[in-house]
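Asks: Residue numbers (UniProt numbering): 1 to 460.
The beta-carbon is built from N, C-alpha and C at its ideal position, and this holds for glycine as well.
Predicted, not measured: the structure shown is a model, and the values here were computed from it.
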């Protein structure tokens, strides 16, 4: 009699994976895959659970010995004593896999970001580094607010030419098989991003997703060749603007709670946006009796800025609910901070939507996530949670990113967890965001270890 991968069986496997019993889970999956009566969907479900274990192991790549070796130069023989404390307070991130502690691959640099004692000790031994991005942004935003502008005016255009390249490792796919590739491509529906011009693409035959797709891509196919890398690239030009709103002049009116816009952008979106008791209690505690949406946003922003420091993050595909993970671990990267803000603001009845792509600041080009807040009578106003309160005595500079955005942004996504075009067959490497790209072949998804990406930017 054939094996049926029932809901109960899936739940048991999920529990084993969640508790780190990967060896047992792998054996069960292997046995089930030998069942000749499984249909294609059942096989793919099992293969994805196997893939999920590989993703988790890739993120938790360090042994306890690895971490000790990297920390010994700073803490000598006291390292083991400190580690127990840091693990308990979750500034040194680990999980049990097959009964052994496995640490997040970026656990050590994160420790020096999250723990003041560790940070100070490192700075005593190593030269303190200057954050050039923060310095640049303070100077840039001071210049922006110094110019007389109307609320919401688009200013300070920056023209960039970008070349994006994906390289699939040699023999990651059998020779002669087709590799399907989706690369990020600029949105054209946002007024802050204009003059999008496709200059070249390799291979030349491609499909540019309609701008109606919230996560926009350019799609190509290519045959894998034995022993050779497979390259995909796209070159395009854009013009991006800063946009500034002065909260003192933001006279929003009462929300039209019956509108489609309001209902869509204040709703829950499982599995990432869920109004749990923890989210509701925290948001209510932060905002208290405040009813003004601009002031509520400011309160939420300030709380996250003070309590949730930026840290290198796990791949989103292995985090079931990101805002809850952030509150459990008290740190997160730009997207994690943004999703926490978005969830609390939506619960409070303030419409917020996701936005992401790349930050294009000279010398600091990288993946980045932020959002937009809707104020009735004003419209959509940008907000960047992870850029935080700037170090400035000028209140407008200090609070700039609560209601404004700088000129150096590439908008690829206007929402999270949206379909690509054409549709992907296998589960995505990154199911929430879309900035690096996605690849697959008929035999499965190509995860991040199978390929690399590179963004090159020139300023026109």
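Decide yes or no for the touch test of the stretch 442-457 against the stretch 385-404: beta carbon pairs closer than 8 Å, at least 3 of them.
Replies: no
Asks: Helix, strand or coil for residue 137 per DSSP?
Replies: helix
Asks: Should residue 369 be labelled buried (16 or more other beta-carbon atoms within 10 Å of its own) or exposed?
Replies: buried
Asks: When you compare each of 46, 277, 171 to residue 229 by their alpha carbons, which one comes out closest?
Replies: 171
Asks: At the level of alpha carbons, what is the spacing between residue 110 and residue 353?
Replies: Approximately 28 Å, taken between the alpha carbons.
Asks: Are there 16 or more other CB atoms within 10 angstroms of the CB of residue 350, so buried, or fewer, so exposed?
Replies: buried
Asks: Considering Cα atoms alone, identify which of 176, 84, 153, 81 is closest to residue 404.
Replies: 153
Asks: Using beta-carbon positions only, say whether residue 164 and residue 234 come within less than 8 Å of one another.
Replies: yes
Asks: Got a sec? Which residues, its chain only, sit under 7 Å from residue 114 by beta carbon, not counting five neighbours each side?
Replies: 91, 309, 311, 331
Asks: Pick helix, strand or coil for residue 28, following the three-state DSSP scheme.
Replies: helix
Asks: Can you tell me which residues form a DSSP beta bridge with residue 446?
Replies: 439
Asks: For residue 184, which beta-bridge partners are listed by DSSP?
Replies: Residue 184 pairs with 217.
Asks: Between the C-alpha atoms of residue 372 and residue 75, what's the straight-line distance to the nearest angstrom?
Replies: 43 Å
Asks: Do you know offhand how far residue 258's Cα is from residue 436's?
Replies: When rounded, the distance between both Cα atoms is 37 Å.
Asks: Taking contact to mean 3 or more Cβ pairs, one atom from each stretch, closer than 8 Å, check whether the stretch 180-193 and the stretch 134-146 are in contact.
Replies: no
Asks: State the beta-bridge partners of residue 100 as determined by DSSP.
Replies: 97
Asks: Between the stretch 218-226 and the stretch 202-209, do at least 3 Cβ pairs fall closer than 8 Å?
Replies: Inter-segment contact for the stretch 218-226 and the stretch 202-209 is present: three or more beta-carbon pairs are separated by less than 8 Å.
Asks: Might you give, ordered along the chain, the residues of its own chain that have their beta carbon closer than 6 Å to the beta carbon of residue 239, omitting 5 neighbours on each side?
Replies: 157, 159, 194, 195
Asks: Rank 56, 302, 200 by C-alpha distance to the C-alpha of residue 96 and give the top, closest one.
Replies: 56
Asks: Would you mind working out which of 145, 276, 348 sits nearest residue 325, comparing C-alpha positions?
Replies: 276
Asks: What distance in whole Å lies between the Cβ atoms of residue 434 and residue 215, which are believed to be in contact at a cut-off of 8 Å?
Replies: 4 Å
Asks: Tell me the rounded alpha-carbon separation between residue 102 and residue 83.
Replies: 13 Å
Asks: Pick helix, strand or coil for residue 242, following the three-state DSSP scheme.
Replies: strand
Asks: How is residue 408 classed by DSSP in three states: helix, strand or coil?
Replies: Looking at residue 408 - three-state DSSP - the assignment turns out to be coil, as it is neither helix nor strand.
Asks: Here's the rule: buried if 16 or more other CB atoms are within 10 angstroms of the residue's CB, otherwise exposed. What is residue 146?
Replies: exposed
Asks: If you count every other CB in all the chains shown that lies within 10 Å of the CB of residue 32, and 16 or more means buried, which is it?
Replies: buried
Asks: Tell me where the beta strand (DSSP E) around residue 454 begins and ends.
Replies: Counting along the chain, the beta strand (DSSP E) containing residue 454 begins and ends at 451-459.
Asks: In this structure, does DSSP put residue 337 in helix, strand or coil?
Replies: helix
Asks: Anyone know if the C-beta pair for residue 72 and residue 63 falls short of 8 Å?
Replies: no
Asks: Tell me whether residue 182 counts as near the ligand SAM, meaning its Cβ is closer than 7 Å to at least one heavy atom of that ligand.
Replies: No copy of the ligand SAM occurs in the structure displayed, which carries no ligand at all.
Asks: Since residue 86 and residue 420 should fall inside the 8 Å C-beta cutoff, what is the C-beta to C-beta distance between them, to a whole number of angstroms?
Replies: Rounded to the nearest angstrom, the Cβ distance from residue 86 to residue 420 is 39 Å, too far for a contact under 8 Å.
Asks: Do you know whose CA, among 29, 432, 65, 456, lies nearest residue 319's CA?
Replies: Among 29, 432, 65, 456, the Cα nearest to that of residue 319 belongs to 432.
Asks: Using C-beta distances below 8 Å, list every residue in its chain close to residue 5, excluding the 5 sequence neighbours before and after it, in chain order.
Replies: Caution applies to residue 5, whose pLDDT of 46 falls short of 50 and renders its modelled position unreliable; the value that the coordinates give is listed next. So the list reads 32, 38, 42, 45, 46, once near-sequence residues are dropped.
Asks: Taking one C-beta from the stretch 291-309 and one from the stretch 357-366 each time, how about it: are there three or more such pairs within less than 8 Å?
Replies: no
Asks: Taking only runs that begin and end inside the stretch 248-301, name each unbroken alpha helix (DSSP H) of 4 or more residues, in chain order.
Replies: 260-265, 277-287
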